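Colleague: For reference, the structure I am asking about is given below.
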Amino acid sequence: MPDTPAAPYLAGLNPEQYAAVTAEDGPLLILAGAGTGKTRVLTTRLAHLLMTGRARPFEVLAVTFTNKAAREMVHRVEGLIGQSVQGMWLGTFHAMGTRFLRRHAEIVGLKPSFTILDTDDQIRLVKQVLQALEIDDKRWPARAVLGIVQRWKDRGWTPDQVPPSEVGDFAGGKTLRIYSLYQERLATLNACDFGDLLLHCLELFKRAPDVLAQYQRRFRAILVDEYQDTNVAQYLLLRLLAQGHRNITCVGDDDQSIYSWRGAEVGNILRFEEDFPGAEVVRLERNYRSTGHILGAAAGLIARNRARHGKTLWTEDVDGEKVRVASLWDEHEEAIFVGDELEALQRAKKRLCDTAVLVRAGHQTRAFEERFIQLGLPYRVIGGLRFYERAEIRDAVAYLRVVVQPDDDLAFERIVNTPKRGIGETTVVALRKAARAAGRSMLSAAEELVGTDELPTRGRRQLADLLAAFARWRDELPRRAPRDLVEAILDESGYVGMWQADKTPEAQGRLENLKELVKAIEEFESLPAFLEHVGLVMDNAADADGDMVTLMTLHAAKGLEYDYVFLTGWEEGLFPNQRALDEGGTKALEEERRLAYVGITRAKKRCTITYAANRRIFGQWGAALPSRFVEELPPEHIHHLLRSNASRPDVDPTFGVTSLFPTGKMTGRGPGFERAGKLIEGKAELVRPRPAPTVAFAKGDRVFHDKFGPGTVEALEGEKLTIAFDKSGVKKVMASFLEKKA
DNA sequence: GGATTGTGTATTTTT
DNA sequence: TACACAATCC
Numbered sequence: 003m004p005d006t007p008a009a010p011y012l013a014g015l016n017p018e019q020y021a022a023v024t025a026e027d028g029p030l031l032i033l034a035g036a037g038t039g040k041t042r043v044l045t046t047r048l049a050h051l052l053m054t055g056r057a058r059p060f061e062v063l064a065v066t067f068t069n070k071a072a073r074e075m076v077h078r079v080e081g082l083i084g085q086s087v088q089g090m091w092l093g094t095f096h097a098m099g100t101r102f103l104r105r106h107a108e109i110v111g112l113k114p115s116f117t118i119l120d121t122d123d124q125i126r127l128v129k130q131v132l133q134a135l136e137i138d139d140k141r142w143p144a145r146a147v148l149g150i151v152q153r154w155k156d157r158g159w160t161p162d163q164v165p166p167s168e169v170g171d172f173a174g175g176k177t178l179r180i181y182s183l184y185q186e187r188l189a190t191l192n193a194c195d196f197g198d199l200l201l202h203c204l205e206l207f208k209r210a211p212d213v214l215a216q217y218q219r220r221f222r223a224i225l226v227d228e229y230q231d232t233n234v235a236q237y238l239l240l241r242l243l244a245q246g247h248r249n250i251t252c253v254g255d256d257d258q259s260i261y262s263w264r265g266a267e268v269g270n271i272l273r274f275e276e277d278f279p280g281a282e283v284v285r286l287e288r289n290y291r292s293t294g295h296i297l298g299a300a301a302g303l304i305a306r307n308r309a310r311h312g313k314t315l316w317t318e319d320v321d322g323e324k325v326r327v328a329s330l331w332d333e334h335e336e337a338i339f340v341g342d343e344l345e346a347l348q349r350a351k352k353r354l355c356d357t358a359v360l361v362r363a364g365h366q367t368r369a370f371e372e373r374f375i376q377l378g379l380p381y382r383v384i385g386g387l388r389f390y391e392r393a394e395i396r397d398a399v400a401y402l403r404v405v406v407q408p409d410d411d412l413a414f415e416r417i418v419n420t421p422k423r424g425i426g427e428t429t430v431v432a433l434r435k436a437a438r439a440a441g442r443s444m445l446s447a448a449e450e451l452v453g454t455d456e457l458p459t460r461g462r463r464q465l466a467d468l469l470a471a472f473a474r475w476r477d478e479l480p481r482r483a484p485r486d487l488v489e490a491i492l493d494e495s496g497y498v499g500m501w502q503a504d505k506t507p508e509a510q511g512r513l514e515n516l517k518e519l520v521k522a523i524e525e526f527e528s529l530p531a532f533l534e535h536v537g538l539v540m541d542n543a544a545d546a547d548g549d550m551v552t553l554m555t556l557h558a559a560k561g562l563e564y565d566y567v568f569l570t571g572w573e574e575g576l577f578p579n580q581r582a583l584d585e586g587g588t589k590a591l592e593e594e595r596r597l598a599y600v601g602i603t604r605a606k607k608r609c610t611i612t613y614a615a616n617r618r619i620f621g622q623w624g625a626a627l628p629s630r631f632v633e634e635l636p637p638e639h640i641h642h643l644l645r646s647n648a649s650r651p652d653v654d655p656t657f658g659v660t661s662l663f664p665t666g667k668m669t670g671r672g673p674g675f676e677r678a679g680k681l682i683e684g685k686a687e688l689v690r691p692r693p694a695p696t697v698a699f700a701k702g703d704r705v706f707h708d709k710f711g712p713g714t715v716e717a718l719e720g721e722k723l724t725i726a727f728d729k730s731g732v733k734k735v736m737a738s739f740l741e742k743k744a
């Protein structure tokens, strides 16, 4: 602790935090466990560097992964230093890349006005490349090809740098050729995809060492958030930039590395001391978020991973409640259970915004949403389609892109027939061909051809009108206020009218989103400035406020915290996810385990884990086993919940443990399973639901199904039976949902 | 050119 | 099951 009166912003730091904040020059790695004040330390260190004069604002480079994190950082640093962060380079990796490239575009063969493509554009481009190479995009989907190319870019490889051993035989071994062609197309379009924003920077610094040297001299302080999420390209970039003053501070937690599937390399954080010799390492292990039992459960679980720095989180907080584990019949029961628990919390005057339900995969939210709607529990789903990914927003933005950048072929193609103007595939293909042949944009080719017989007559008139409209809007661009102009464009193009005429229920929402977009434009000086923002900021427009339960994936929950957390669907196959395991083996299992760790450590006061005995996967019902992670939780920190009406638990000979499910009535909705069933503390150490019981059925048996009523068995096929229901016709159902009638 | 039917597939997601 | 995409028909 400081012996001299410390600056006020240093007050209240614990010794490790203080050490991290005030560490001397040189490489510094801050290993910050969950809930140990990571953001606080990073922002305070930045403030400290400024306040002590070790760096001036324009000598600081601070990078984050998301715009949200960047905003948060700006906000907190400004709060600490009491002035604006003007002049500082504080933003996402991609924003940083964009900034470098706009300044030095020519060096890598771009024009400074290059456009940034979104995923949609990228896929369309890959499709074009596949077509050009006559590759069946049914067998080798563009999305998958793009994935491969992106992973290469994440590793910092341009087409000529991809090692032959990495090429593989996907798309008939032509992936590398696709990559080259894709890059060529991007160059012609004067466009970058997200990977290029970093990759081109590497190329830029290689080609222009003087430019690199200039930035190396400039950035006296480099700070990196969430270092465990960096990919190789980002790492290489950081290493280059840090070679000047070697003042690089990286904050991260190897135990929270959950993005390897999109290129993140845990190795970067594990190797830090080798990459930056002489690096100081500070561990933040005191947790300020969770109670003792929650922390203990999380620590016990993550200790099973091998590839980690190893930290021991501790807290001075009370032990609190043990982590609760509840076993349910199926996803409906699970949703009913969680809904009941949330209502109980509500009755106890807890706020719903302090609660969260986390799932492994997006589709799992559905069952919860349905139940919450039934109960009238307000909820919000994080993730899903983000604002700028909605079709109407992308369409609107495409119009603006064409106005600002007439050469933007992808945008042009997107809206040339939206709303429908009778400009079909034939016309578009003709335009594309003409444009390619003449080496110009489609819009200019259209202007040239619209008066000739080269194009189908059908939409010629409308195309001419559209071109004239674009010319007019472009003409007005410098004179009209952005908001005004955008409203005019959306109106005169017929785009708003298209949605007004649409009578489907979602049209109203789409119109509102468009209004939202127009409002967002007001904050920008010009349309180009706005588009630059849109290119980079693909995040959720304004989180809805109000007292609601939050539903989201485990990935989306990283960095957040809630008093009451429900971790659902802890079943083998779902979590850990089978597909991940198939693809990535032990490494993937460890990543899934980190995901579980992230989940548990989101909880401040109470953590509840649930799993179901039956789950529908791809429309098929199947018996599920509890996740291995359930067993890995240290018993002293957990507490199994049993339904009070399961007072006569059956002993399952297979596992030698208690089963929650009494034989006989297995539907979870029958008399044995009333919702009134209160939860009591269980004695069983391990509760395993058994595979669905097989009551022998025979052809011709009379059966009863809770939903479909009485029927007759027509055919048997293992657990699946074909039943002719008296009222609902012939259906295939699982044996476990049937009751045999005498 | 647009609506309709059929087929195949099916994590996690930011920029 | 449920959705997206493509071939097919009008």
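Numbers given in my numbering equal positions in the first sequence, counted from 1, plus 2. Beta carbons: idealized from backbone N, C-alpha and C, even for Gly. Fair warning: this is a prediction, and the values are worked out from it, not measured in the lab.
If you drop the 5 nearest sequence neighbours on each side, which residues of the same chain put their C-beta closer than 6 Å to that of G246?
Modeller: Q218, R219
Colleague: Around the C-beta of K155, are 16 or more other C-beta atoms found within 10 angstroms, so that it is buried, or is it exposed?
Modeller: buried
Colleague: With a threshold of 6 Å on Cβ separation, who are the neighbours of I304 within its own chain once the five nearest residues in sequence on each side are excluded?
Modeller: Correct list, in chain order: D257, Y599.
Colleague: Go ahead and pull the three-state DSSP assignment for W159.
Modeller: coil
Colleague: Once DSSP output is grouped into helix, strand and coil, what is the label at T357?
Modeller: strand
Colleague: Do you know how far the Cα of I271 is from the Cα of Q230?
Modeller: Their Cα atoms are separated by approximately 5 Å.
Colleague: Tell me the DSSP secondary structure of A328 in three-state form.
Modeller: For A328, the secondary structure class from DSSP, reduced to helix, strand or coil, is strand.
Colleague: Hey, which unbroken runs of the beta strand (DSSP E) at 3 residues or more fall wholly within the region 183-254?
Modeller: Taking only runs of at least 3 residues, the beta strand (DSSP E) segments lying wholly in the region 183-254 are 223-226, 250-254.
Colleague: Terminal residues of the continuous beta strand (DSSP E) containing R382?
Modeller: 381-383
Colleague: Report the three-state DSSP secondary structure of D123 (helix, strand or coil).
Modeller: helix
Colleague: Mind checking R650: buried by the 16 CB within 10 Å criterion, or exposed?
Modeller: The predicted model places R650 with a pLDDT of 30, which falls under 50 and marks its position as unreliable, so this point remains unresolved.
Colleague: Under 8 Å, do I602 and V325 count as touching if we go by C-beta distance?
Modeller: With respect to the 8 Å criterion, I602 and V325 are classified as neighbours on the basis of their beta carbons.
Colleague: So for H311, helix, strand or coil by DSSP?
Modeller: coil
Colleague: I'd like to check one pair, L538 with L479: are the Cβ atoms closer than 8 Å?
Modeller: no
Colleague: Between F95 and F67, is the Cβ-Cβ spacing less than 8 Å?
Modeller: Yes. Within cutoff.
Colleague: I need the boundaries of the alpha helix (DSSP H) containing Y599, first residue and last residue.
Modeller: 580-602
Colleague: So what's I260 in DSSP terms, helix, strand or just coil?
Modeller: coil
Colleague: So within the region 488-553, which uninterrupted alpha helix (DSSP H) runs reach at least 4 residues, ignoring any that extend past its ends?
Modeller: 497-503, 508-523, 529-538
Colleague: The beta strand (DSSP E) spanning T100 covers which residue range?
Modeller: Where T100 is concerned, there is no enclosing beta strand (DSSP E), although the alpha helix (DSSP H) it sits in stretches over 95-106.
Colleague: Can you tell me which residues form a DSSP beta bridge with W316?
Modeller: In the DSSP output, where bridge partners are listed per residue, W316 has R288.
Colleague: DSSP three-state call for E18: helix, strand or coil?
Modeller: helix
Colleague: Below 8 Å, how does it come out for the region 517-532 and the region 431-444: are there three or more Cβ pairs, yes or no?
Modeller: no
Colleague: For E821, count the other beta carbons within 10 Å of its own beta carbon; 16 or more makes it buried, fewer makes it exposed. Which is it?
Modeller: The shown model of the chain, from 3 to 744, leaves out residue 821, and the question about it has no answer.
Colleague: Find out if the Cβ-Cβ distance for the pair F370, L553 is shorter than 8 Å.
Modeller: A contact, by the Cβ cut-off of 8 Å.
Colleague: Taking R442 as the reference, which of A473, E427, Q407 has the closest Cα?
Modeller: For the options A473, E427, Q407, the alpha carbon positioned closest to that of R442 is the one of Q407.
Colleague: Do the region 160-175 and the region 110-124 touch if we need at least three Cβ pairs shorter than 8 Å?
Modeller: no
Colleague: So what does A605 bridge to, in DSSP terms?
Modeller: Y564
Colleague: Within 10 angstroms of the Cβ of K701, are there 16 or more other Cβ atoms? Answer buried if so, exposed if not.
Modeller: exposed
Colleague: If you run the structure through DSSP and keep just helix, strand and coil, what is A483?
Modeller: coil
Colleague: Inspect the CB distances between the region 350-364 and the region 557-566 and report whether three or more fall short of 8 Å.
Modeller: yes
Colleague: At the level of alpha carbons, what is the spacing between V567 and S292?
Modeller: 11 Å
Colleague: Any chance the region 271-282 sits against the region 27-40, with 3 or more Cβ pairs inside 8 Å?
Modeller: Here the region 271-282 makes contact with the region 27-40; the two share three or more CB pairs at distances below 8 Å.
Colleague: Which residues does DSSP pair with E371 in a beta bridge?
Modeller: DSSP, once it has assigned bridges, lists no residue as partnering E371.
Colleague: Counting pairs of Cβ atoms below 8 Å between the region 621-637 and the region 565-583, do you hit three or more?
Modeller: yes
Colleague: Here's a check: name, in chain order, each residue in its chain whose Cβ is nearer than 6 Å to the Cβ of T656, leaving out the five neighbours to either side.
Modeller: Any reading at T656 is ruled out, since the residue's pLDDT is 29, under 50, leaving its predicted position unreliable.
Colleague: What is the DSSP secondary structure of L468, counted as helix, strand or coil?
Modeller: Taken through DSSP and simplified to helix, strand or coil, L468 comes out as helix.
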